[in-house]
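Single-structure report; data block below.
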Amino acid sequence: MKKQKPCPECHSTMELKKTTIHFEREGFYADVENVSAFICPKCGTRSIPGNLAVNISNTVEALFKSAKEVRTSTEKDLAPAFSGISFHIARA
0 MKKQKPCPEC HSTMELKKTT IHFEREGFYA DVENVSAFIC PKCGTRSIPG
50 NLAVNISNTV EALFKSAKEV RTSTEKDLAP AFSGISFHIA RA
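Be aware that the sequence shown starts at 0, since it is given in numbering that gives the first Met the number 0, and climbs by one per residue.
Put into structure tokens, the structure is as follows:
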């Protein structure tokens with residue numbers, strides 16, 4: 000994978016770095032951390048490489064769908080089945 004590419008906004012050189020992506024759907028939130036993305040040091044534009052963007056989007060959308068199903072299957076006067084999920088890769 001290339002380490003640099005031109006910014007589509009300001010035409011500066013974007014660099015491959017790590018970032019966090021925030022998602023929100025119908026009252027649910029998800030943050031995906033340490034995502035490899037091209038980031039422009041001048042204007043802040045982020046660009047996530049194609050296959051990685053698709054994989055992250057599919058995973059997060061499945062999580063939102065599951066969370067919504069859990070919420071709609073519980074009675075409205077009960078507390079939610081869960082309020083958050085954190086998933087991390089163990090480092091040796």
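Even for Gly, the Cβ is constructed at its ideal location relative to N, Cα and C. Bear in mind the structure is a predicted one, so any value in this text is a computation, not a measurement.
Quick check on DSSP: helix, strand or coil for residue i?
{"i": "Thr58", "result": "helix"}
{"i": "Ser35", "result": "strand"}
{"i": "Ser46", "result": "strand"}
{"i": "Ser8", "result": "It should be noted that the sequence gives Glu, not Ser, for residue 8. In the structure shown, Glu8 sits in coil (DSSP, three-state: anything other than H, G, I, E or B)."}
{"i": "Glu68", "result": "helix"}
Could you tell me if residue i is buried or exposed, where buried requires 16 or more neighbouring beta carbons within 10 angstroms of its beta carbon?
{"i": "Cys39", "result": "buried"}
{"i": "Ala36", "result": "buried"}
{"i": "Ala29", "result": "buried"}
{"i": "Ala61", "result": "exposed"}
Are residue i and residue j close, meaning C-beta to C-beta below 9 Å?
{"i": "Thr44", "j": "Asn33", "result": "no"}
{"i": "Glu23", "j": "Lys67", "result": "no"}
Three CB pairs or more closer than 8 Å across the stretch 4 to 19 and the stretch 51 to 64: no
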